Each structure stands twice: as structure tokens, then as C-alpha cells.
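S.K.: Here the numbering used here is used: the first residue of the sequence shown is 176, the next is one more, and so on.
C-beta: ideal position from N, C-alpha, C; glycine also.
For clarity, every value in this text was computed on a predicted model and none was experimentally measured.
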Amino acid sequence: MPLCPACTKAGTGSADRDPVRLGDVLPVTAAALRASGRGPAPVPSPRTGAPMTCRYCGGRARWHRTTGDRWVAIEPGVRPVAGVPRGRRWYIAGDGTAVHLHGAVPADTCRVSHFDVCPARRRAA
Numbered sequence: 176m177p178l179c180p181a182c183t184k185a186g187t188g189s190a191d192r193d194p195v196r197l198g199d200v201l202p203v204t205a206a207a208l209r210a211s212g213r214g215p216a217p218v219p220s221p222r223t224g225a226p227m228t229c230r231y232c233g234g235r236a237r238w239h240r241t242t243g244d245r246w247v248a249i250e251p252g253v254r255p256v257a258g259v260p261r262g263r264r265w266y267i268a269g270d271g272t273a274v275h276l277h278g279a280v281p282a283d284t285c286r287v288s289h290f291d292v293c294p295a296r297r298r299a300a
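#1: Going by C-alpha distance, which of A273, G278, A248 is nearest V256?
#2: Compare the beta carbon distance of I267 and H239 with 8 Å and say whether it is the shorter of the two.
#3: Alpha carbon to alpha carbon, how far is V287 from A206?
#4: So, with DSSP's three-state summary, where would you put P202?
#5: Compute the distance between the beta-carbons of E250 and A236, then report whether it is under 8 Å.
#6: Count the other C-beta atoms from every protein chain shown that fall within 10 angstroms of the C-beta of V259, then say buried if there are 16 or more, exposed otherwise.
#7: Looking at C-alpha atoms only, which residue of T241, C232, R296 is the closest neighbour of H275?
#8: In this structure, how does DSSP classify H275 when only helix, strand and coil are distinguished?
#9: Quick check on DSSP: helix, strand or coil for A295?
#10: Give me the residue from P194, R254, T228, G271 with the minimum Cα distance to D244.
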């Protein structure tokens, strides 16, 4: 298989070397990682969010992607909508996306961002 000029100059291979199929390399790499005891890092479920610890107060929350393709740390548990100001209410959709909950019945529940209730941030303000 002919190599491109950049690969030829870099000495990354020889022109007579056959290409390596990805399907042949991945199983061998996975087996080598398992044998070394360093398996792949666990990937958090998008539905539950990735755990985080606040660097200011040490509180725990979970990162969720928002509909605007940003990330927000959501406190564990739900709260009554009546006790959370409008604009601070979040709903976690079935796919784990955090959605601003604008209109709600007072009997509904919602989630809040950790940054809105962090005790260390409130003391500093």
C-alpha cells in the first residue's frame, strides 16, 4: 500500500507494509488492557448524570447536559415547585437532559442547581 508523502518522510511505516484493520487491533488492545488490570474507565449513564463534588462546600451533585448544550450541576432529590423561584427550576428528562421548568402547577416537583443552593457561595456573596 503506498504511503502519503508525510508518512514516508516521518518514517512511520514502509511502502510494502499492509494496512492494519481496526477490527483486528481493537480486540487485542482490549485484551491487553484487561490483562494489565487497567480496563477502560467507566462511562456514566447519561440518564443519571456524572457525579461531582463542589470544590467550595464539598457538597455532592450530578452534572447534566442542558438543552442549550451546556452543563449544570443538579442537586440530588426533588423539591416542591412552590418553594423554588421561577427560573431556578429544573426537570431531568428521560434521557438525562436538564430542562428549565418554566410553568408548573404548585403541587409539582422540580430539581435545583447546586450553584443556586451552595452554602459556601451564598456566604461569599
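M.R.: Short version:
#1: Along the sequence shown, one-based indexing puts residue 256 at 81. Among A273, G278, A248, the Cα nearest to that of V256 is on G278.
#2: Position 92 of the sequence shown, counted from the start, is the residue given in the question as residue 267. Position 64 of the sequence shown, counted from the start, is the residue given in the question as residue 239. It is a contact, given that the beta carbons lie within the stated cut-off.
#3: Mapped onto the sequence shown, residue 287 falls at position 112. Mapped onto the sequence shown, residue 206 falls at position 31. Going from the Cα of V287 to the Cα of A206 covers about 43 Å.
#4: As a position in the sequence shown, residue 202 is number 27, starting the count at 1. Looking at P202 - three-state DSSP - the assignment turns out to be helix.
#5: Against the sequence shown, residue 250 aligns to sequence position 75. Against the sequence shown, residue 236 aligns to sequence position 61. Their beta carbons are under 8 Å apart, which means E250 touches A236 by this criterion.
#6: For the purposes of this step, residue 259 is taken as residue 84 along the sequence shown, with counting starting at 1. Counting Cβ neighbours within 10 Å, V259 comes out buried, since at least 16 surround it.
#7: Here residue 275 refers to the residue found at position 100 when the sequence shown is read from its first residue. The alpha carbon of H275 has as its nearest neighbour, out of T241, C232, R296, the alpha carbon of T241.
#8: In the sequence shown, the residue the question calls residue 275 occupies position 100. Three-state DSSP puts H275 in a strand.
#9: Along the sequence shown, one-based indexing puts residue 295 at 120. The answer is helix: DSSP assigns A295 an H, G or I state.
#10: Counting from 1 along the sequence shown, the entry for residue 244 is found at position 69. Closest by alpha carbon: G271.
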